[in-house]
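Undergrad:
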Amino acid sequence: GSSMKGKTYLLIGAEASDKLLGDEGLLNLDPSPPDIDIEVRVDGYDLPSCKKGPLRVETSFVWVVGSNGTKTLEGHRTFHAQELGYRHGAPTESDDEEEYKH
1 GSSMKGKTYL LIGAEASDKL LGDEGLLNLD PSPPDIDIEV RVDGYDLPSC KKGPLRVETS
61 FVWVVGSNGT KTLEGHRTFH AQELGYRHGA PTESDDEEEY KH
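Sequential numbering of the sequence shown, starting at 1, is according to the numbering used here.
(1) From GLY66, SER60, THR70, pick the residue whose C-alpha is nearest to that of THR8; which is it?
(2) Assuming the contact rule is C-beta atoms closer than 8 Å, GLY66 and LEU29 should be a hit. Round their C-beta distance to whole Å, please.
(3) Secondary structure at ASP30, three-state DSSP: helix, strand or coil?
(4) If we call anything under 7 Å between Cβ atoms a contact, is VAL64 one with LEU26?
(5) Which residues bound the beta strand (DSSP E) around GLY69?
(6) Could I get the ranges of all uninterrupted alpha helix (DSSP H) runs contained in the segment 36–70, with 4 residues as the minimum, in chain order?
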């Protein structure tokens with residue numbers, strides 16, 4: 001949990017993304033709601049969840065970015081750590097090439 005603090009992640013969990021967009025009335029930020037990026041800055045974590053899991057992280061700022069605009073959401077929210085991640089690009093030369101062959 002402490003290694004995530006202060007870093008910004010994308011909300012990649014589809015269910016959590018859909019719920020946040022629906023609850024906040026932000027489905028109109030893009031013609032294709034799955035293409036809306038939701039960026040979450042981790043401010044802290046729930047200590048008891050470290051021991052019993054799944055890890056829950058806390059945030060006070062969420063940025064929602066779509067082709068029709070951007071919205072900043074302030075206020076305390078929690079997410080499961082496994083719902084957060086980074087955008088992955090194309091494989092690099094250091095990646096295992098066998099993994100990308102079909």
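Positions of the beta carbon are idealized from the N, C-alpha and C atoms, including for glycine. All figures in this text were calculated on a predicted structure; none of them were measured in a lab.
TA: Answer, in terms of the structure:
(1) When each option's Cα is compared against that of THR8, the closest is SER60.
(2) The pair is a contact, with the Cβ atoms about 3 Å apart (cut-off 8 Å).
(3) Here ASP30 sits in coil by DSSP.
(4) Contact: yes.
(5) It spans 69–80 - the beta strand (DSSP E) in which GLY69 sits, taken as one unbroken run.
(6) Note on the segment 36–70: whole alpha helix (DSSP H) runs with a minimum of 4 residues are 47–52, in chain order.
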